[in-house]
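Just below is one structure, and these are the notes that go with it.
Residue numbers (the numbering used here), protein chains in the order written: chain A, 12 to 658; chain B, 7 to 233.
Shown next as structure tokens:
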């Protein structure tokens, strides 16, 4: 029985020792069974060889030695062999074997006429009996040997010593040599038994340890199995959640795609009529004797124009916000003059400020880099939003811009503080201000207009430009917003001190004057399917002095352009609407480029997404502008590309 | 045998009652076994110490034409059956006598030689030939053995130079056993010292004659065992 943890270790050691000894006894019993069997056969064989027959004159008969070898030898080995087979491991078995082996020696000595060489069989037998590791067996065999020597020495000395004279001395001498060997054999047996005891103790200890380890392993295995089950359950739950999440993401992406498509379509569909609305509002204000018109009519036209502009602004904000939210907004990194940018913005916002009798001050704190690396469009958008808000919420006073370069190389930043003397922002609204669709309170939208997206978009843009937009300070007497942007590497950039820029003249008035004959002599092909926009854009271009030809779709435009080129009077500029029936602007542009048309093609589209611009450029367009058309910008664009092409 | 051992080992695990019965008989079996061995040893010893037949009628050198009496020295006549395994010891003892007595003893070994058998080249003959100063002769059909009264192989007869028989018997202590014995010592003592210690000993060996005449046998020699 293996050792359990509750069982005394000594009991198990004793049991193991007994098992080991029993194993040795059984094994040695079997070995002796074989030995005695072979001794018997060998005795018969020797007798047959030495003295097969006894003789009487001419006749012979089986020698008595043969019979004695067979009968007496068989008798001697019979019981030990039977006991070794039937009762191996018993004390009586090995004692009988000891007696039998000693008697076998006695018979051998007798049959060999008491030759001294035959006595060595005794020593060999004792050594073999020591295999039992049982001193009692050695004692028994030795006693039999001693008794045999004494008895036969007394009655038949010639059979054991080869001489007929008996001497106690000789028998004692023989017994003495046997005892001599026994001392060493018994000592080695004792040592061996002691080692067996040690081995048994160690094995019992090992079994105890093994039992403990097995118990530990079982417990750990159970724990691991439990953990595995928990993990499996978690894994399955996670897989389910992942699956749900994947489906949700797919649904979300689908919804996002649908939203993007919707926004693009809506943008296109709203911009197209707005182009006509705003454009013709401008036409109404600029043509005829508008000064003779009643004030109410002019106000009505201005209202149409203002609301149209607001609608455009709203659409632009929604598009920007949508792209930012979708993570698809990409900023450019272009070299840009910060001074020029700020001067332009100031000039643009000056008109609105003057309407409210406000003053815009720009202060440059220290030298600024001549050029910075940023996205000028987005920076302009942020600053215009900040200034627009400042003007919107300020009734009297000033709007200040303070521009500075802060920080230490290489982490220098452009810092622009926009302060106003407006109504300020309450503490509870400060945190919500940059959240989408949030204004000071619900009434703000009604009082001041706006979508509530401006600051949210501006803050996101500031982040994309490597900085941030924060509220630096706000009180009832005004608010300061701080914009920080990354100017890019400034290693080889020239720094310059800047004087306060004087108020710029009215840009629009200048532009109006400039656009009058800007396109004189230019031959322009307008490819546009919408009749309203056809009329509006052709009116604007013609007013600017251009010679305008029109086509209703891409295919007609393509044919007209080719015909003109073939006739040797190619168009200077082609204005190409991109979304048209029969053949769209992309296909027409691609075909024209593949036919070798080198003149400028300016894409004109109500799609305002960034990817639309890329798509137009890839189709072969030279430049791109969106609807509703900015009259001055469009004319400038046409003039620029016409001049560039002629050069 | 290994399978048998396994089967036998398995029988130990058989029903307890059988095992206990077997165990109770074990000491009796062992004791019986020891007694049987003791008896067998005793029988074996008895056989080994049982002397062969002999005839002690003639006290002088018998007249014959085959072997002659040496009148200058003692004469030792040894009769051997060439097939007797026990006579190896006799020839070994004879070699010891010869080494002790040398030329002072006229030794003749007579091998029983039936007329219809070819026993001239047995191991005993070769052993006798190897002994120095020994004359070998064939005793055709055992005539001389019967004449000298030597009926058992190994029977040795010592005669004085004047033809008197001074010793008759075996020169081994037991059947097939060498070693110190009265016969050998008596022969050597007489040859070397001229004194007779013992004139008769038992002879241990195979019968030389198949059917010796009843007249010839006068003793099994058991009464000559004691000096």
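Cβ atoms here follow ideal geometry from the backbone N, Cα and C, with glycine treated the same way. Predicted model, so just to flag it, every value in this text is computed and none were measured.
Can residue 688 of chain A and residue 333 of chain A be called in contact, C-beta distance under 8 angstroms?
Chain A is shown only over 12 to 658; residue 688 of chain A falls outside these bounds and no answer can be derived.
Taking the runs of the beta strand (DSSP E) that are 3 residues or longer, which of them lie wholly in the region 456-505 of chain A?
479-486 and 489-496
Per-residue contacts from residue 152 of chain B into chain A (C-beta, under 7 angstroms):
Working through the second chain from its first residue, we reach residue 152 of chain B at position 146. Simply none; closest approach about 11 angstroms.
Paired residues, beta bridge with residue 347 of chain A - DSSP
Reading the first chain from its first residue, position 336 is the one you call residue 347 of chain A. Looking at the DSSP assignment, residue 347 of chain A forms a beta bridge with A:383.
Between the beta-carbon of residue 428 of chain A and the beta-carbon of residue 404 of chain A, is there less than 8 angstroms?
Along the first chain, one-based indexing puts residue 428 of chain A at 417. Along the first chain, one-based indexing puts residue 404 of chain A at 393. Cβ distance not < 8 angstroms, so residue 428 of chain A and residue 404 of chain A don't count as in contact.
With 16 other Cβ atoms within 10 Å as the buried cut-off, status of residue 128 of chain A
Here the question's residue 128 of chain A lines up with position 117 in the first chain. Classification of residue 128 of chain A: exposed, given that the 10 Å Cβ count is below 16.
Just to confirm the assignment, what range does the alpha helix (DSSP H) spanning residue 426 of chain A have?
As a working mapping, residue 426 of chain A is identified with position 415 in the first chain. Run containing residue 426 of chain A: none in the alpha helix (DSSP H); it sits in the beta strand (DSSP E), 424-431.
Pairwise C-alpha distance: residue 251 of chain A and residue 456 of chain A
The count along the first chain starts at 1 and reaches residue 456 of chain A at position 445. The count along the first chain starts at 1 and reaches residue 251 of chain A at position 240. Residue placement at residue 456 of chain A is flagged as unreliable, the pLDDT there being 48, under the threshold of 50; the coordinate-derived value follows with that caveat. Approximately 45 angstroms between the Cα atoms of the pair.
Going along chain B, which residues have a C-beta under 7 angstroms from residue 69 of chain A?
As a position in the first chain, residue 69 of chain A is number 58, starting the count at 1. Per Cβ cutoff of 7 angstroms: 120, 123 and 216.
Compare the C-beta of residue 161 of chain B with all C-beta atoms of chain A and state if any pair is closer than 8 angstroms.
Residue numbering aside, residue 161 of chain B sits at position 155 when the second chain is read from its first letter. So, not an interface residue.
Compare the beta carbon distance of residue 88 of chain A and residue 111 of chain A with 8 angstroms and say whether it is the shorter of the two.
The residue labelled residue 88 of chain A in the question sits at position 77 within the first chain. The residue labelled residue 111 of chain A in the question sits at position 100 within the first chain. Taking 8 angstroms as the Cβ cut-off, residue 88 of chain A and residue 111 of chain A qualify as a contacting pair.
The region 87-112 of chain B: positions lying closer than 7 angstroms to chain A by Cβ:
87, 89, 90, 91 and 95
Using a Cβ-Cβ distance under 8 angstroms, would residue 73 of chain B count as near chain A?
For the purposes of this step, residue 73 of chain B is identified with residue 67 of the second chain, where counting begins at 1. Cβ-Cβ to chain A under 8 angstroms: no for residue 73 of chain B.
At least one CB of chain A closer than 8 angstroms to the CB of residue 126 of chain B: is that the case?
Indexing the second chain from 1 puts residue 126 of chain B at position 120. No, residue 126 of chain B lies away from the interface with chain A (no Cβ there is under 8 angstroms from its Cβ).
Taking only three categories from DSSP, how would you classify residue 161 of chain B?
Counting from one through the second chain, the residue named residue 161 of chain B turns up at place 155. Three-state result, residue 161 of chain B: strand.
Looking at the secondary structure, which residues open and close the beta strand (DSSP E) in which residue 101 of chain A lies?
In the first chain, counting from the first residue as 1, residue 101 of chain A sits at position 90. It is not in any beta strand (DSSP E) - residue 101 of chain A carries neither H nor E in the DSSP assignment.
Would a check of beta-carbon distances place residue 46 of chain B closer than 8 angstroms to chain D?
The structure shown has no chain D; the protein chains it does contain are A and B.
Opposing strand residues paired with residue 413 of chain A [DSSP bridges]
Working through the first chain from its first residue, we reach residue 413 of chain A at position 402. Its beta-bridge partners are A:374 and A:428.
Residue 189 of chain A versus residue 85 of chain B - alpha carbon distance:
Taking the first residue of the first chain as 1, we reach residue 189 of chain A at position 178. Taking the first residue of the second chain as 1, we reach residue 85 of chain B at position 79. So the alpha carbons of these two residues sit roughly 41 angstroms apart.
Residue of B:118, B:132 and B:158 minimising C-alpha distance to residue 147 of chain B:
The residue you call residue 147 of chain B lines up with position 141 of the second chain. Residue 147 of chain B has its Cα closest to that of B:118, out of B:118, B:132 and B:158.
Just checking my contact of residue 369 of chain A with residue 409 of chain A at CB under 8 angstroms: how many whole Å lie between their CB atoms?
As a first step, residue 369 of chain A is located in the first chain; it is residue number 358 there, counting from the start. As a first step, residue 409 of chain A is located in the first chain; it is residue number 398 there, counting from the start. Residue 369 of chain A to residue 409 of chain A, Cβ: 6 angstroms. Contact.
When burial is assigned at 16 or more other CB atoms within 10 Å of the CB, is residue 239 of chain A buried or exposed?
Position 228 of the first chain holds residue 239 of chain A. Looking at its Cβ environment, which holds fewer than 16 other Cβ atoms inside 10 Å, residue 239 of chain A is exposed.
Against residue 73 of chain A, what residues of chain B qualify as contacts under a CB-to-CB distance less than 8 angstroms, listed in chain order?
What you label residue 73 of chain A is simply residue 62 of the first chain in a count that begins at 1. Ordered by position in chain B, no residue passes the 8 angstroms Cβ test against residue 73 of chain A, which lies about 12 angstroms from the chain.
Any idea if residue 533 of chain A is buried or exposed, counting beta-carbon neighbours within 10 angstroms, 16 or more meaning buried?
Residue numbering aside, residue 533 of chain A sits at position 522 when the first chain is read from its first letter. Buried, because 16 or more other Cβ atoms sit within 10 Å of the Cβ of residue 533 of chain A.
Buried or exposed for residue 265 of chain A, going by 16 or more other Cβ atoms inside 10 Å?
As a working mapping, residue 265 of chain A is identified with position 254 in the first chain. By the neighbour-count rule (16 or more Cβ atoms within 10 Å), residue 265 of chain A is not buried but exposed.
In whole angstroms, give me the CA-to-CA distance for residue 654 of chain A and residue 536 of chain A.
Within the first chain, residue 654 of chain A is the residue found at index 643, counting from 1. Within the first chain, residue 536 of chain A is the residue found at index 525, counting from 1. Each residue's alpha carbon lies about 16 angstroms from the other.
Among the candidates A:445, A:485 and A:490, whose CA atom is the shortest distance from the CA of residue 470 of chain A?
Within the first chain, residue 470 of chain A is the residue found at index 459, counting from 1. Checked all of A:445, A:485 and A:490; the closest Cα to residue 470 of chain A is A:445.
Determine the DSSP secondary structure at residue 644 of chain A, reduced to helix, strand or coil.
If you number the first chain from 1, residue 644 of chain A lands on position 633. Helix at residue 644 of chain A.
Could you say if the region 578-588 of chain A and the region 499-506 of chain A meet the contact criterion of at least three C-beta pairs nearer than 8 angstroms?
no
Taking CB distances under 8 angstroms as the criterion, tell me whether residue 34 of chain B reaches chain A.
Residue mapping note: residue 34 of chain B aligns to position 28 of the second chain, counting from 1. Cβ-Cβ to chain A under 8 angstroms: no for residue 34 of chain B.
Counting pairs of beta carbons, one from the region 227-243 of chain A and one from the region 289-303 of chain A, are three or more of them closer than 8 angstroms?
no
Taking the DSSP output, what are the residues bridged to residue 636 of chain A?
Here residue 636 of chain A corresponds to residue number 625 of the first chain, with the count starting at 1. Paired residue(s): A:615.
Could you give the first and the last residue of the continuous alpha helix (DSSP H) run that contains residue 142 of chain B?
One-based indexing of the second chain puts residue 142 of chain B at position 136. From DSSP, residue 142 of chain B is part of no alpha helix (DSSP H) but of the beta strand (DSSP E) over 140-146.
Note down, in chain order, each residue of its chain lying with its Cβ closer than 6 angstroms to the Cβ of residue 331 of chain A, except the 5 sequence neighbours on either side.
Numbered from 1 along the first chain, position 320 holds the residue referred to as residue 331 of chain A. Around residue 331 of chain A: 468.
Counting only C-beta atoms, is residue 182 of chain B closer than 8 angstroms to chain A at any point?
Position 176 of the second chain, counting from 1, holds the residue named residue 182 of chain B. So, interface residue.
Closer than 8 angstroms at the beta carbon, the chain B residues around residue 171 of chain A:
One-based indexing of the first chain puts residue 171 of chain A at position 160. Near residue 171 of chain A there are no residues of chain B at all, since even the closest Cβ is about 10 angstroms away, more than 8 angstroms.
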